[in-house]
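One structure is given here, and the rest of the page talks about it.
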Amino acid sequence: NAGVTQTPKFRILKIGQSMTLQCTQDMNHNYMYWYRQDPGMGLKLIYYSVGAGITDKGEVPNGYNVSRSTTEDFPLRLELAAPSQTSVYFCASSYKGEGAEQFFGPGTRLTVL
Amino acid sequence: GQSLEQPSEVTAVEGAIVQMNCTYQTSGFYGLSWYQQHDGGAPTFLSYNALDGLEETGRFSSFLSRSDSYGYLLLQELQMKDSASYFCAVRRAGGGNKLTFGTGTQLKVEL
Numbered sequence: 004n005a006g007v008t009q010t011p012k013f014r015i016l017k018i019g020q021s022m023t024l025q026c027t028q029d030m031n032h033n034y035m036y037w038y039r040q041d042p043g044m045g046l047k048l049i050y051y052s053v054g055a056g057i058t059d060k061g062e063v064p065n066g067y068n069v070s071r072s073t074t075e076d077f078p079l080r081l082e083l084a085a086p087s088q089t090s091v092y093f094c095a096s097s098y099k100g101e102g103a104e105q106f107f108g109p110g111t112r113l114t115v116l
Numbered sequence: 003g004q005s006l007e008q009p010s011e012v013t014a015v016e017g018a019i020v021q022m023n024c025t026y027q028t029s030g031f032y033g034l035s036w037y038q039q040h041d042g043g044a045p046t047f048l049s050y051n052a053l054d055g056l057e058e059t060g061r062f063s064s065f066l067s068r069s070d071s072y073g074y075l076l077l078q079e080l081q082m083k084d085s086a087s088y089f090c091a092v093r094r095a096g097g098g099n100k101l102t103f104g105t106g107t108q109l110k111v112e113l
């Protein structure tokens, strides 16, 4: 199993550009998450999904959108990139169980200039 | 709202024992998780406590006191490879096993 994979690993965007961060998991997990992590800080939840077709906002959803058309894929869309979106983005997935371990992808380092 | 407090840095010597604390303020608390993150890497799961008491997994132990809104992670027989950031995270009310993370404690293990 590859676990959780993310592409791209690195990206530089200009202000106002848009892009999609890809996330795929092959563990048949119901739950998937997108986090951002700023330098020296903890992770903040952007959006999450409890199953295909169901998504909901986390703590910091502004400027982002998500979709979940399949169990495996959970892309994150950035519209009109801003310097404040410079961060490392992690995708994660987990089973439904109480306190279930979240498995993280390797992350995407995004810089907006 | 939710808030978690962790010391920003802890230094210890190889072979020693270190305790990293986490205090939280939250409504709808379900449990406390701990994750390890090496520089440039992804977080990896260490433990989850839903009930008061100590959970042990090898060299790692995690403790929770719900009445004190407090938990800690204990690492024994420290190794150089344990140098990393350690995050506590509260499992939040509502669906989806959502987590709110603290800002992390950076552990430096010295010879």
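Protein chains in written order, with the numbering used here: chain A, 4 to 116; chain B, 3 to 113. We treat Cβ as the ideally placed atom computed from N, Cα and C, and that holds for glycine.
Which residue's Cα is closest to the Cα of residue i: the options?
i	options	result
glutamine 21 of chain B	B/Leu80, B/Ala52 and B/Leu6	B/Leu80
serine 35 of chain B	B/Pro9, B/Val15, B/Ser87 and B/Thr102	B/Thr102
threonine 58 of chain A	A/Leu46, A/Val69 and A/Asn65	A/Val69
threonine 114 of chain A	A/Phe93, A/Arg14, A/Gln9 and A/Pro64	A/Arg14
proline 9 of chain B	B/Tyr72, B/Tyr32, B/Gly97 and B/Ala95	B/Tyr72
leucine 113 of chain B	B/Ala18, B/Val12 and B/Glu7	B/Ala18
leucine 109 of chain B	B/Gly96, B/Ala95 and B/Ser87	B/Ser87
alanine 52 of chain B	B/Gly30, B/Thr13 and B/Gly104	B/Gly30
Taking 8 Å as the threshold (C-beta atoms), are residue j and residue i in contact?
i	j	result
phenylalanine 128 of chain A	alanine 91 of chain B	A query on residue 128 of chain A cannot be resolved here, the shown segment of chain A reaching from 4 to 116 and no further.
arginine 71 of chain A	methionine 22 of chain A	no
alanine 95 of chain A	glutamine 88 of chain A	no
leucine 75 of chain B	leucine 56 of chain B	no
serine 84 of chain B	arginine 68 of chain B	Note that residue 84 of chain B corresponds to aspartate in the displayed sequence, not to serine. No; because the gap between Cβ atoms is not below 8 Å, this pair is not in contact.
glutamine 9 of chain A	leucine 24 of chain A	yes
glutamate 16 of chain B	valine 111 of chain B	yes
Less than 8 Å between CB atoms is the rule here; does residue i satisfy it with respect to chain B?
i	result
proline 109 of chain A	yes
valine 63 of chain A	no
phenylalanine 93 of chain A	yes
serine 90 of chain A	no
glycine 96 of chain A	Checking the displayed sequence, the identity of residue 96 of chain A turns out to be serine instead of glycine. Taking Cβ atoms only, chain B never reaches closer than 8 Å to serine 96 of chain A, which makes this a no.
tyrosine 34 of chain A	yes
leucine 48 of chain A	yes
Would you say residue i faces chain A, with C-beta separation under 8 Å as the test?
i	result
phenylalanine 31 of chain B	no
alanine 44 of chain B	yes
lysine 100 of chain B	yes
phenylalanine 89 of chain B	yes
tyrosine 72 of chain B	no
Along chain A, in chain order, which residues have C-beta atoms closer than 8 Å to that of residue i?
i	result
threonine 105 of chain B	Gly43, Met44 and Gly45
phenylalanine 47 of chain B	Glu104, Gln105 and Phe106
Which residues in chain B sit within 7 Å of residue i, going by Cβ to Cβ distance?
i	result
phenylalanine 77 of chain A	Going along chain B, no residue has its Cβ under 7 Å from phenylalanine 77 of chain A, so there is no contact; the nearest lies around 12 Å.
glutamate 82 of chain A	Going along chain B, no residue has its Cβ under 7 Å from glutamate 82 of chain A, so there is no contact; the nearest lies around 24 Å.
According to DSSP, simplified to helix, strand and coil, what is residue i?
i	result
serine 87 of chain B	strand
glutamine 88 of chain A	helix
methionine 30 of chain A	coil
methionine 82 of chain B	helix
phenylalanine 47 of chain B	strand
leucine 69 of chain B	First, the amino acid is wrong: residue 69 of chain B is serine here, not leucine. If DSSP states are grouped into helix, strand and coil, serine 69 of chain B belongs with coil.
glutamate 75 of chain A	coil
glycine 61 of chain A	coil
Would you mind telling me which residues of chain A sit closer than 7 Å to residue i, beta carbon to beta carbon, in chain order?
i	result
glycine 97 of chain B	Val53
arginine 93 of chain B	Gly102
Name the chain A residues whose beta carbon is nearer than 9 Å to that of residue i?
i	result
leucine 53 of chain B	Result: empty, since nearest Cβ-Cβ is about 11 Å, beyond 9 Å.
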